[in-house]
Structure formats: C-alpha cells, structure tokens
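Note sheet for the following structure.
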Amino acid sequence: MNRNMLIRLVIDLSMTFLMLVAMAYHITGNTIHELVGVLLFLLFIAHNILNRRWYKTIFKGKHNVRRILSIAVNLLFLVSMAVVILSSVPISHDIFAFIPINNDMILLQIHVMTSYWGFIFMAVHIGISWGTIINAVRKMTGITSTSRIHTIVFRVIAVMIVVYGVQASFERDMFYKLTVYNPFGWNIDKSSMGFLIDHLSIMGIYICGTHYALKFVRKQDKALAYKDR
1 MNRNMLIRLV
11 IDLSMTFLML
21 VAMAYHITGN
31 TIHELVGVLL
41 FLLFIAHNIL
51 NRRWYKTIFK
61 GKHNVRRILS
71 IAVNLLFLVS
81 MAVVILSSVP
91 ISHDIFAFIP
101 INNDMILLQI
111 HVMTSYWGFI
121 FMAVHIGISW
131 GTIINAVRKM
141 TGITSTSRIH
151 TIVFRVIAVM
161 IVVYGVQASF
171 ERDMFYKLTV
181 YNPFGWNIDK
191 SSMGFLIDHL
201 SIMGIYICGT
211 HYALKFVRKQ
221 DKALAYKDR
C-alpha cells in the first residue's frame with residue numbers, strides 16, 4: 001500500500017470513529033462533543049484536499065450505476081457535513097459561546113437531523129468503497145487468498161449485523177431522527193458500548209446493502225455484456 005492510500009485510510013477511519021463519538025452526545029457531554037466536532041471539521045477538510053481530483057472527474061468518463069451512486073452520495077455527504085458545521089457555530093455553548101443568538105432550537109434541530117443524514121451517507125460511502133478497503137487491508141496484513149468457507153462465514157456475519165442493525169434502528173427511532181418531526185429521539189444512552197454496537201450495526205445495514213447491491217449490478221452487467229457477444 002502506498003503512503004497516500006494509507007493516509008487516506010487513516011483519515012477515513014478517524015472520521016468514522018469521531019462521527020460516532022460526536023453522535024454520543026448524552027455520553028460525552030457538550031465540551032467533548034464540540035472538540036470532536038472541530039477535529040471532524042479539520043479531517044473533513046483534509047479528506048477533501050486529498051481527494052480534490054475527484055471533483056474534476058465528476059462529468060468525465062462513463063457514468064455507470066456505481067459511479068452515479070458514488071457521485072450522488074459524496075455530494076449529499078458534502079452538503080450534510082457543510083450544514084452540520086455551519087449550524088454548529090451559532091448553537092455552540094463552549095468553543096463559540098461568544099456568538100450571541102436567540103431561539104436556537106430550529107438550528108439545533110437542523111444540526112441533529114443533518115448529522116444523522118451525514119451518518120447514513122457516510123455508511124453508504126463506505127459501502128461503495130468496501131471492496132477497495134478490503135483489498136487494502138489484505139495487502140497490509142499479507143492475506144491475499146480467499147476460500148469459500150471464509151466467504152460463507154463473512155456473509156453469515158454480515159446478515160447477523162444487518163438483522164441486529166434493523167432492530168437497533170427501530171429501538172433508537174432512527175426514522176424520527178432523520179426527520180424534522182423529532183430529530184432528538186426519545187432514548188438516552190447509559191452504556192457507551194451499547195451505543196457503539198448499535199450504531200456500528202446500523203452502519204452495517206447501509207455498508208452491506210450498498211456493497212452487495214453494487215456487486216449484484218456488476219454481475220448483471222457482465223451477464224448482459226456476455227449475451228451481447
């Protein structure tokens with residue numbers, strides 16, 4: 001693995017971890033939440049600088065299903081993160097407390113709701129790049145061969161994660177958190193481990209769903225290309 005790829009992987013993993021920490025507001029408290037938010041902002045800037053060439057290629061080349069989905073999700077993730085960052089400044093109670101604002105409830109609702117949308121877009125983004133991530137990990141660990149048993153085991157684990165993730169989505173009122181109706185939800189976390197497991201499982205729904213959906217589309221495209229010969 002080259003140096004740039006390693007740096008990008010570390011930044012992406014750090015952003016994923018910090019995103020989860022930032023969402024655990026009831027566990028970490030406001031000060032840590034805001035500090036993590038600043039770190040997320042800096043990593044987000046670094047991520048976009050390292051991937052700046054991607055923006056130049058949006059309208060170039062062939063646009064298949066994977067690429068269209070990738071462009072749409074990346075732009076939606078960019079917009080959601082921009083809204084989260086911009087809305088966080090006026091509602092800050094610690095780092096930017098010197099900025100006076102009245103009736104910040106609407107901004108707070110927007111901030112929380114777009115944070116959860118950003119969380120979903122991030123998971124789909126990871127799902128799109130899952131094959132690349134796995135290949136990078138294999139190169140780092142020296143594991144290059146695969147077996148049918150390993151494939152079956154990993155797919156069973158993926159199904160278990162998705163099933164638990166769906167249950168966690170209902171228990172944590174994810175639908176309401178993604179809408180203006182009630183972005184705050186009703187549950188307050190007491191266990192950091194429970195929060196982490198639940199949200200990683202929820203991420204797993206979108207990572208697995210995106211990865212296997214694109215895998216199915218690629219197989220269909222290959223089958224059609226073979227028939228056209």
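Residue numbering for the sequence shown follows UniProt numbering, starting at 1 and increasing by one per position.
Note that CB positions come from ideal geometry on N, CA and C, so glycine has one too.
As the structure is a prediction and not an experimental result, all values here were calculated from the model.
8 Å or more divides the Cβ of I126 from the Cβ of H111. When the beta-carbon positions are compared, F41 and L76 stay at least 8 Å from each other. Judged by DSSP in its simplified three-state form, F195 adopts helix. Of the candidates V84, R66, T151, the residue whose Cα lies closest to the Cα of Q220 is R66. Take the alpha-carbon of V163 and the one of L178: they are about 20 Å apart. Within a 10 Å sphere around the beta-carbon of N74 sit 16 or more other beta-carbons, which makes this residue buried. Segment contact: the segment 161 to 175 against the segment 196 to 211, three or more CB-CB distances shorter than 8 Å; contact assigned.
Taking C-alpha positions only, S88 is separated from R148 by approximately 48 Å.
Collapsing the DSSP output to three states places H33 in a helix.
Spanning the alpha carbons of T16 and L69 requires a straight line of approximately 20 Å. The shortest C-alpha to C-alpha distance from I27 to any of G209, S192, Y116 is the one to S192.
The shortest CA-to-CA distance from I128 to any of L35, I152, C208 is the one to C208.
Taken atom to atom, the span from the alpha-carbon of I95 to that of R155 is near 44 Å. The residue among I32, L86, F175, V124 with its C-alpha nearest the C-alpha of L18 is I32. Leaving aside the five residues that flank M81 on each side, the residues in its chain whose CB is nearer than 6 Å to its CB run, in chain order, F44, G118. Nearest to V84 by alpha-carbon distance, out of K215, F170, I152, V36, is V36.
By the neighbour-count criterion, in which 16 or more other beta carbons inside 10 Å mark a residue as buried, G131 falls on the exposed side. Residues I11 of the same chain have their beta carbon placed closer than 6 Å to that of H47, with the five preceding and five following residues left out of the count. Going by beta carbons, M174 and I202 fall inside the 8 Å limit.
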